[in-house]
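Written below as C-alpha cells is the structure these notes are about.
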DNA sequence: GTTGATTACCGAATAGTATTCGGTAATTAA
DNA sequence: TTAATTACCGAATACTATTCGGTAATCAAC
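Chains as they are written, first to last, in our numbering: chain A, 1 to 220; chain B, 1 to 220.
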C-alpha cells in the first residue's frame with residue numbers, strides 16, 4: 001500500500017558508517033558524511049534509524065557478538081585451562097580493544113556521551129556477561145555459577161577500561177605479562193615468591209598445588 | 001603593567017562548574033550556564049581556561065587525588081591485609097564511582113569524547129597507577145613492585161569501567177560480595193569449593209593457608 | 001598624579017553539529 | 001487507474017563550544 005524500506009539502503013548506511021567509524025571514530029564522523037558515503041540524503045538516515053547512536057549500536061552489537069562467537073569456538077581446542085583463561089583474557093583486554101583501529105572505543109564513546117538519556121538498555125552487556133561467566137566457569141575451578149558471574153562482571157569492566165583508554169595510550173593494548181600474571185593469580189592466588197615464580201609455573205609447583213587442592217577438597 | 005587574573009574569579013568558575021557537573025553531568029552542562037553561575041561572560045572563561053575539558057580536569061585531578069589521599073591515610077589503621085585489600089577495592093570500584101552523583105563519570109565522558117585530540121596527557125593516570133601499586137604491594141604478598149604495577153593497571157581499568165557504567169546501571173555500584181570474592185581470589189587463588197567458602201574464611205582455613213604458605217616459602 | 005601599555009572582560013558573531021519540517025514523488029494494494 | 005501511504009530530499013532549526021573586536025580596568029614607570 002506504500003513504498004517500503006529497502007534493505008540495500010539500510011545496509012549501505014551501515015557499511016558507510018562502519019567504514020567511517022573505524023577510520024575516523026564515532027564523534028569525528030558526522031551524519032552528512034555517512035549519508036554522502038551511503039548515497040542518500042542526511043534526513044533519510046532518520047527513516048532507517050532513530051539516531052546516530054542507534055546506527056552505531058546496530059553495527060557494534062553484531063560485531064561484538066561475532067568476536068565472542070569466535071572466542072567461544074576457539075576454546076574447546078585448547079586443552080590447558082590456564083591457556084584457555086589466557087585466551088579469554090587476551091581476547092578481551094588485548095585483541096578486541098585494539099582491533100579495527102580501536103573500534104570498540106567508539107562504543108565506549110557513545111555510551112559515555114549519549115547513553116544516559118534513554119534509548120539504551122543493558123541487554124547487550126548482560127548477555128555478554130552471562131556468556132563470559134560460562135567461559136570463565138570452564139577455566140577457573142570451583143567458582144560456581146554465581147562466582148563466575150561476579151568475576152565476569154569485573155573482567156568486563158576492565159574490558160571497558162581498556163577499550164576506553166585505547167587511543168589515549170597511543171594505541172597500546174594490555175601487555176602480555178600482565179595477562180599471564182593475572183591469570184596465574186586467578187588460578188593460584190598471590191605468588192609464593194615474586195622473584196621465583198616463572199611466567200609458567202614449573203611442573204613441580206603445579207603438581208604440589210594440585211595435591212594441596214585435592215587434599216583440601218577431601219579434608220575441607 | 002596590566003590587569004591581572006583574579007583567583008576569586010577562577011575559583012568562582014571552578015565552583016560553578018563543579019556544582020553543575022555534579023548535578024547535571026559534563027555534557028549536559030554548557031559554557032553559558034557555567035558562566036552565568038560564576039557571574040562572568042562566557043568568553044571570559046577562555047581567559048582562565050583553554051577549554052571546557054580543561055575546566056573539568058582542573059576540578060577532577062585534585063578531587064581524585066584527595067580521594068586517594070584519604071584512602072592511603074585510612075589503610076595503616078587496618079591490621080588485616082585482607083581487610084586492607086577490601087578497603088582499596090571497595091573504594092575504587094564502589095565508593096568513588098558512586099560518590100557525588102557519579103562525578104568520576106564526568107571524567108570518563110570527557111576522556112571518551114575529547115581527549116584523543118591532544119591536550120591530554122596520561123600523567124594523572126600514571127601517577128595514580130603508581131600510588132595504587134604501592135598500596136596493593138602492602139596487601140597482596142609477594143607481588144613485587146613490577147607485579148603490583150601490573151595488577152594496579154588492571155584494577156584501574158576496571159575502575160574506569162565502573163565509573164563509566166555508573167549511570168547506565170541506574171546508579172548501581174559494585175556489589176559487596178563481588179569485592180570479597182575478588183579479594184579472596186587475589187589472596188588465595190580460585191576457591192577450593194564454591195559452596196563451602198564463606199565470605200570471611202574460617203580460622204581453621206586461614207591457619208591452614210598460612211601453614212601452606214610458610215611451608216611453600218621454606219621448600220619453594 | 002598622569003601616561004602608556006597590557007590584558008581582563010564582554011556582546012555579538014562563527015562554525016559546526018544532530019535532528020526535524022514540509023513538500024514531492026515513488027510505490028503498492030485495491 | 002486510483003488512492004493512500006511513506007520513502008526521500010533540501011532547507012531550516014536549535015544547540016553547542018569557541019573566537020573576534022572593541023572597551024575599559026589595572027599596573028608600572030615617570
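Idealized CB from N, CA, C, for every residue including glycine.
Taking one beta carbon from each stretch, the segment 61 to 78 of chain B and the segment 128 to 135 of chain B have 3 or more pairs nearer than 8 Å; the two touch.
In the DSSP assignment, residue 38 of chain B falls within the unbroken alpha helix (DSSP H) covering 31 to 38. Taking C-beta separations shorter than 8 Å and ignoring five residues to either side along the sequence, the partners of residue 75 of chain A in its chain run 84, 87, 88, 135 and 138, following chain order. In this structure residue 112 of chain B does not touch residue 186 of chain A by the C-beta definition: roughly 29 Å separates them, more than the 8 Å allowed.
Note on geometry: alpha-carbon atoms of residue 60 of chain B and residue 2 of chain A lie some 54 Å from one another. Rounded to whole angstroms, the Cβ separation of residue 160 of chain A and residue 161 of chain B is 4 Å, and the two are in contact under 8 Å. Residue state for residue 23 of chain B is assigned as helix, using DSSP reduced to three classes.
Residue A:27 holds the alpha-carbon nearest to the alpha-carbon of residue 109 of chain B among A:145, A:27 and A:16. DSSP places residue 4 of chain B in no alpha helix (DSSP H); its state is neither H nor E. Every unbroken stretch of the alpha helix (DSSP H) spanning 4 or more residues and falling wholly within the segment 42 to 114 of chain A is given here in chain order: 42 to 48, 52 to 74, 81 to 90 and 96 to 110. For residue 109 of chain B, a Cβ of chain A is located within less than 9 Å of the residue's own Cβ. In the structure shown, residue 155 of chain B falls within a helical segment according to DSSP collapsed to helix, strand and coil. Between the segment 90 to 105 of chain B and the segment 35 to 48 of chain B, the count of Cβ pairs shorter than 8 Å is below three; the stretches do not touch. Identification of chain B residues near residue 95 of chain A by a Cβ-Cβ cut-off of 8 Å yields none; the smallest Cβ-Cβ distance measures about 15 Å. Here residue 160 of chain B carries a helix assignment [DSSP, helix/strand/coil].
Cβ-Cβ separation between residue 179 of chain B and residue 93 of chain B: approximately 7 Å, consistent with a contact (criterion under 8 Å). For the segment 156 to 173 of chain A, the set of positions with a beta-carbon nearer than 8 Å to some beta-carbon of chain B reads 156, 157, 158, 159, 160, 161, 162, 164, 165, 167, 168 and 169 in chain order.
Assignment of residue 144 of chain A by DSSP, reduced to helix, strand and coil, places it in the helix class. Annotated three-state conformation of residue 169 of chain B is coil, per DSSP. Below the 9 Å Cβ cutoff, chain A contributes 140, 143, 147, 151, 185, 186 and 189 as neighbours of residue 185 of chain B, in chain order. The beta-carbon of residue 101 of chain A is placed no less than 9 Å from the nearest beta-carbon of chain B. Against residue 113 of chain A, the close residues of chain B are 27, 109, 112 and 113, in the order they occur along the chain (beta-carbon pairs closer than 8 Å).
Straight through space, the alpha carbons of residue 57 of chain A and residue 14 of chain A are spaced by roughly 10 Å.
By the neighbour-count definition (other C-beta atoms within 10 Å, threshold 16), residue 184 of chain A is a buried residue. Looking at the backbone, the Cα of residue 4 of chain B and that of residue 91 of chain B are separated by about 41 Å. Under the three-state reduction of DSSP, residue 138 of chain A is assigned to coil, being neither helix nor strand. In this structure, A:12 is the residue among A:154, A:72, A:12 and A:127 with its C-alpha nearest to the C-alpha of residue 49 of chain A. Put simply, the CB of residue 177 of chain A is near chain B, with a gap under 9 Å to one of its CB atoms. Proximity of chain A to residue 181 of chain B at the Cβ level (cut-off 8 Å) is accounted for by 147, 150 and 151, in chain order. Rounded to whole angstroms, residue 78 of chain B and residue 141 of chain B show a C-alpha spacing of 16 Å. Minimum Cα-Cα distance from residue 126 of chain B among the listed residues A:169, A:123, A:127 and A:95 corresponds to A:169. In the three-state reduction of the DSSP assignment, residue 15 of chain B falls in the helix class, which pools H, G and I. Ranked by Cα distance from residue 53 of chain A, the options A:96, A:21, A:155 and A:145 are led by A:21. In the structure shown, the three-state DSSP call for residue 184 of chain A is helix. Put simply, of A:172, A:44 and A:16 the residue whose alpha carbon is nearest the alpha carbon of residue 33 of chain A is A:16. Between the beta-carbon of residue 166 of chain B and that of residue 105 of chain B there is about 5 Å, and that keeps the pair under the 8 Å contact cut.
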